[in-house]
Amino acid sequence: MIKVVLLGAGNVAFYLANVLTMSKNINFIQRYSRNIKNDKYFDKNIPKTNNINNLSKADIYIIAINDDAISSFSKQLFFKDGLVVHTSGSMPIEALKCKAKKGVLYPLQTFSINHKVEYHQIPICIETENKKDKELLHLFANCISKNVYEINSSKREKLHIAAVFANNFSNYMFKLANDICDKNSIPFDILKPLIKETANKIQKISPIKAQTGPAKRNDNKVIKNHLSQLSENQKEIYNLVSKSIINTYN
Ligand SMILES: NC(=O)c1ccc[n+]([C@@H]2O[C@H](COP(=O)([O-])OP(=O)(O)OC[C@H]3O[C@@H](n4cnc5c(N)ncnc54)[C@H](OP(=O)(O)O)[C@@H]3O)[C@@H](O)[C@H]2O)c1
Numbered sequence: 011m012i013k014v015v016l017l018g019a020g021n022v023a024f025y026l027a028n029v030l031t032m033s034k035n036i037n038f039i040q041r042y043s044r045n046i047k048n049d050k051y052f053d054k055n056i057p058k059t060n061n062i063n064n065l066s067k068a069d070i071y072i073i074a075i076n077d078d079a080i081s082s083f084s085k086q087l088f089f090k091d092g093l094v095v096h097t098s099g100s101m102p103i104e105a106l107k108c109k110a111k112k113g114v115l116y117p118l119q120t121f122s123i124n125h126k127v128e129y130h131q132i133p134i135c136i137e138t139e140n141k142k143d144k145e146l147l148h149l150f151a152n153c154i155s156k157n158v159y160e161i162n163s164s165k166r167e168k169l170h171i172a173a174v175f176a177n178n179f180s181n182y183m184f185k186l187a188n189d190i191c192d193k194n195s196i197p198f199d200i201l202k203p204l205i206k207e208t209a210n211k212i213q214k215i216s217p218i219k220a221q222t223g224p225a226k227r228n229d230n231k232v233i234k235n236h237l238s239q240l241s242e243n244q245k246e247i248y249n250l251v252s253k254s255i256i257n258t259y260n
């Protein structure tokens, strides 16, 4: 059994806590968070501490806290045994400043607290400083996912940029679409089959082939008409994305 301590109580910690509890080969021995804010989302049977000097002895310590806090937080971990990993896509392994061995366990998915996801398909990107730690982290990652990848810090940074385009920006587009629906008393639900098909289609054909719409067709009259109806912020985004599509296809 791999003994694990989980640090943090946000979106990723919520996902990890669920998956750790479910795995037969993992012993989820303790969790840490600095306050009680999100305690209601976590299993009360898992011992919890808010004292960083009170952590139990474990094989793996997972730091699932804000990117900006990883270095200063890990500096406070004075123990030398065990493997300490962070879960960030954009921070290098060197962001960890602890005395123990270091690694990264980046789950490539979007997580929100109290929203459960299909665990076993989530790609887990791992990185360690040496072979022995890699074996342990592989073993651990294989307990929580069928898709484990070894990805170094520089590639993971690029992957994270790609993920920002694929998820964060496309979700913001959904938000803009939702605003337009709301403003015109149209139910957002009407767009959901289209959103689903957009994601489904690129499972089978490449994004470059899947593109449709006025900018792909270079339909200038439609584009002008759309622009005339938008707010300044929407216009700026519509224009920028349309220009990029036009340049790609023409
Ligand atoms: N969300 C995602 O979809 C996703 C996906 C993959 C990877 N990640 C990565 O996973 C990590 C966590 O992201 P998240 O979305 O779970 O963040 P989050 O929901 O904002 O949660 C962050 C957690 O870190 C704690 N924290 C922040 N600063 C701290 C400090 N100085 N000392 C102790 N605890 C501190 C917060 O505590 P308080 O509540 O007290 O502030 C909170 O429990 C990040 O590195 C992120 O890049 C996120």
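Number 260 marks the last residue of the sequence shown (this note's numbering); no jumps.
A virtual CB, placed ideally from N, CA and C, is assigned to each residue, including glycine.
Whole angstroms is fine: what's the gap from Pro250's alpha carbon to Ala176's? Numbered from its first residue, the sequence shown carries residue 250 at position 240. Numbered from its first residue, the sequence shown carries residue 176 at position 166. It is Leu, not Pro, that sits at residue 250 in the sequence shown. Distance between the alpha carbons of Leu250 and Ala176: 17 Å.
Shorter than 7 Å, the distance from the beta carbon of Asp229 to the closest heavy atom of ligand 1, or not? As a position in the sequence shown, residue 229 is number 219, starting the count at 1. For ligand 1, not one heavy atom lies less than 7 Å from the Cβ of Asp229.
Given Asn28, which residues of its chain have a CB within under 8 Å of its CB, disregarding the five upstream and five downstream residues? On the sequence shown, position 18 is the one that residue 28 refers to. Cβ within range, chain order: Lys126 and Tyr129.
Here's the rule: buried if 16 or more other CB atoms are within 10 angstroms of the residue's CB, otherwise exposed. What is Thr138? Residue numbering aside, residue 138 sits at position 128 when the sequence shown is read from its first letter. With 16 or more Cβ atoms within 10 Å of its Cβ, Thr138 is classed as buried.
In chain order, each alpha helix (DSSP H) run of at least 4 residues that lies wholly inside the region 70 to 113: 80 to 85
I'd like the list of long-range same chain contacts for Leu26, defined as Cβ closer than 7 Å, with 5 residues on each side in sequence excluded. As a position in the sequence shown, residue 26 is number 16, starting the count at 1. Correct list, in chain order: Leu16, Ile72 and Ala74.
Classify Gly1: buried if its beta carbon has 16 or more other beta carbons within 10 angstroms, exposed otherwise. Summary: the structure shown does not reach residue 1, with the chain confined to residues 11 through 260, and so no result is reported for it.
Terminal residues of the alpha helix (DSSP H) in which Lys165 lies: Within the sequence shown, the letter at position 155 stands for residue 165. Ser163 to Ala173 is the span of the alpha helix (DSSP H), which, as asked, contains Lys165.
For Cys135, which residues does DSSP report across the bridge? Here the question's residue 135 lines up with position 125 in the sequence shown. BP columns for Cys135 point to Tyr116 and Tyr159.
Three-state secondary structure (DSSP) at Phe38? Looking up residue 38 in the sequence shown gives position 28. Strand, per DSSP.
Helix, strand or coil: which one does DSSP assign to Ile212? Along the sequence shown, read from residue 1 onward, the residue named residue 212 stands at position 202. DSSP places Ile212 in helix when its eight states are reduced to three.
Just tell me which of Tyr159, Tyr42 and Ser66 has its CA closest to the CA of Phe280. As shown, the chain starts at 11 and ends at 260. That puts residue 280 outside it, with no answer to give.
Please classify Val95 as buried or exposed, where buried requires at least 16 neighbouring CB atoms within 10 angstroms. Within the sequence shown, residue 95 is the residue found at index 85, counting from 1. Buried is the call here.
Go through its chain and collect everything with a Cβ distance to Ile256's Cβ below 7 Å, but skip five positions before and after it. Locating residue 256 in the sequence shown gives position 246, counting from the first residue. Closer than 7 Å at Cβ, skipping near neighbours: Ala225 and Asn228.
Where does Thr258 sit, in a helix, a strand or coil, going by DSSP? In the sequence shown, counting from the first residue as 1, residue 258 sits at position 248. Residue state, collapsed to three classes: helix.
Using 8 Å for Cβ pairs, my map puts Pro102 next to Ser195. What's the rounded Cβ distance? As a first step, residue 102 must be located in the sequence shown, where it is residue number 92. As a first step, residue 195 must be located in the sequence shown, where it is residue number 185. The Cβ separation is near 48 Å, so there is no contact.
Helix, strand or coil for Ile123, going by three-state DSSP, please let me know. Taking the first residue of the sequence shown as 1, we reach residue 123 at position 113. In the structure shown, Ile123 sits in coil (DSSP, three-state: anything other than H, G, I, E or B).
From the DSSP output, which residues share a beta bridge with Lys58? One-based indexing of the sequence shown puts residue 58 at position 48. BP columns for Lys58 point to Arg41.
Cross-strand partners of Val15 (DSSP beta bridge): Along the sequence shown, read from residue 1 onward, the residue named residue 15 stands at position 5. Paired residues: Gln40 and Tyr71.
Starting from Thr31 and walking both ways along the alpha helix (DSSP H), at which residues does that stretch end? On the sequence shown, position 21 is the one that residue 31 refers to. Unbroken alpha helix (DSSP H) run through Thr31: Asn21 to Met32.
Does the beta-carbon of Phe179, which I'm using as the reference point, lie nearer than 7 Å to any heavy atom of ligand 1? Against the sequence shown, residue 179 aligns to sequence position 169. Phe179 Cβ: outside cutoff for every heavy atom of ligand 1.
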